[in-house]
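Chains as they are written, first to last, in this note's numbering: chain D, 2 to 216; chain E, 550 to 559.
Every residue gets a Cβ at the ideal spot worked out from N, C-alpha and C, and that includes glycine.
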């Protein structure tokens, strides 16, 4: 464990806590893409299939449980909670995310570390996570004004993978035979997708203005 | 040590 990876995990955790706060405090999920939440639930379920078979550390197991449970809770809340689900922007959240799932699955079958069930699921989860934010970014562009908590949620979610890239660079130079090139390339793509969001987020912070993405 | 290629990251 290094400081970059720990900071990345904490940033990821903060993003989930901010989203839970937004939904709990406002009893609303307006501006949140349910499709992105469903993709993230799939990412965690596919990536953490080894949670019961391979023990890495208490920290690792606890964080996996927290990520899976919180994301499933958010999806359930957006689908089932009679107050929250009324505020879901159903007509704006129209990204065809099934294509993202299909493309990630095909790519995982073609490019993986080993042709085993677990490794292909892992590669699938890495590719899917890289594009999982797309429905959310499209929704933000369509919904005009973005409320603070939603903006912070997306910001922390984007920042965490950027910190992971620093972690991979650090591990590359400090650990012999360390190679996580699938995660690294995918992580670069994932972080790049946030580039324009980061730009407008910085502008809104600098000008102390409301975050607004151009349509 | 863990088996090679084990995924120790989240």
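Cβ-based burial, residue i [other Cβ within 10 Å; buried from 16]
i             : result
residue 130/D : buried
residue 136/D : buried
residue 214/D : buried
residue 2/D   : exposed
residue 550/E : For residue 550/E, the predicted model reports a pLDDT of 47, less than 50, meaning its position is unreliable and no value from the coordinates is stated.
residue 223/D : No answer is possible for residue 223/D: the residues shown for chain D start at 2 and end at 216.
residue 101/D : buried
residue 154/D : buried
residue 96/D  : buried
residue 216/D : exposed
residue 37/D  : buried
residue 58/D  : exposed
Identity of the residue in the options nearest residue i by Cα
i             : options                       : result
residue 188/D : 122/D, 164/D and 62/D         : 164/D
residue 23/D  : 64/D, 148/D, 92/D and 135/D   : 148/D
residue 184/D : 169/D, 151/D, 138/D and 122/D : 169/D
residue 106/D : 60/D, 119/D, 69/D and 96/D    : 119/D
residue 26/D  : 48/D, 123/D, 73/D and 84/D    : 84/D
residue 111/D : 152/D, 102/D, 124/D and 99/D  : 124/D
residue 86/D  : 193/D, 35/D and 182/D         : 35/D
residue 77/D  : 59/D, 21/D, 9/D and 115/D     : 21/D
residue 79/D  : 108/D, 69/D and 33/D          : 33/D
residue 81/D  : 37/D, 12/D, 30/D and 61/D     : 30/D
residue 156/D : 206/D, 64/D and 97/D          : 206/D
residue 128/D : 69/D, 194/D and 138/D         : 194/D
Distance between residue j and residue i (C-alpha atoms, nearest Å)
i             : j             : result
residue 202/D : residue 160/D : 12 Å
residue 71/D  : residue 558/E : 18 Å
residue 46/D  : residue 199/D : 28 Å
residue 40/D  : residue 133/D : 6 Å
residue 180/D : residue 197/D : 29 Å
residue 5/D   : residue 43/D  : 25 Å
residue 17/D  : residue 177/D : 33 Å
residue 50/D  : residue 28/D  : 32 Å
residue 140/D : residue 75/D  : 17 Å
residue 104/D : residue 211/D : 35 Å
residue 99/D  : residue 7/D   : 32 Å
residue 56/D  : residue 145/D : 44 Å
residue 60/D  : residue 9/D   : 14 Å
residue 151/D : residue 93/D  : 15 Å
residue 52/D  : residue 208/D : 45 Å
residue 204/D : residue 14/D  : 25 Å
residue 158/D : residue 191/D : 10 Å
residue 167/D : residue 143/D : 32 Å
residue 117/D : residue 109/D : 11 Å
Span of the alpha helix (DSSP H), counted from its first residue to its last, around residue i
i             : result
residue 72/D  : 59–81
residue 136/D : 135–143
residue 12/D  : 4–27
residue 35/D  : 35–48
residue 210/D : First-last for residue 210/D: undefined, no H or E at that position.
residue 162/D : 149–175
residue 183/D : 182–194
residue 112/D : Premise fails: residue 112/D is in no alpha helix (DSSP H) and is neither H nor E.
residue 132/D : 118–132
ask   = Which residues, in chain order, does the segment 6–31 of chain D contribute to contact with chain E at a C-beta distance below 9 Å?
value = Going along the segment 6–31 of chain D in chain order, one finds 6, 9, 10 and 13 with a Cβ nearer than 9 Å to chain E.
query = Using a beta-carbon distance cut-off of less than 7 Å, what residues from the segment 149–164 of chain D approach chain E?
reply = Those would be none; no residue qualifies.
request  = Report the residues of the segment 171–196 of chain D with a CB closer than 8 Å to any CB of chain E, ordered along the chain.
outcome  = Result list: 181 and 184.
request  = May I ask you to list, following chain order, the residues of the segment 59–71 of chain D that have a beta carbon less than 8 Å from some beta carbon of chain E?
outcome  = Within the segment 59–71 of chain D, the residues whose Cβ lies closer than 8 Å to any Cβ of chain E are, in chain order, 61, 64, 65 and 68.
ask   = When Cβ atoms are compared, which residues of the segment 88–117 of chain D fall closer than 8 Å to chain E?
value = Cβ contacts with chain E: 114 and 115.
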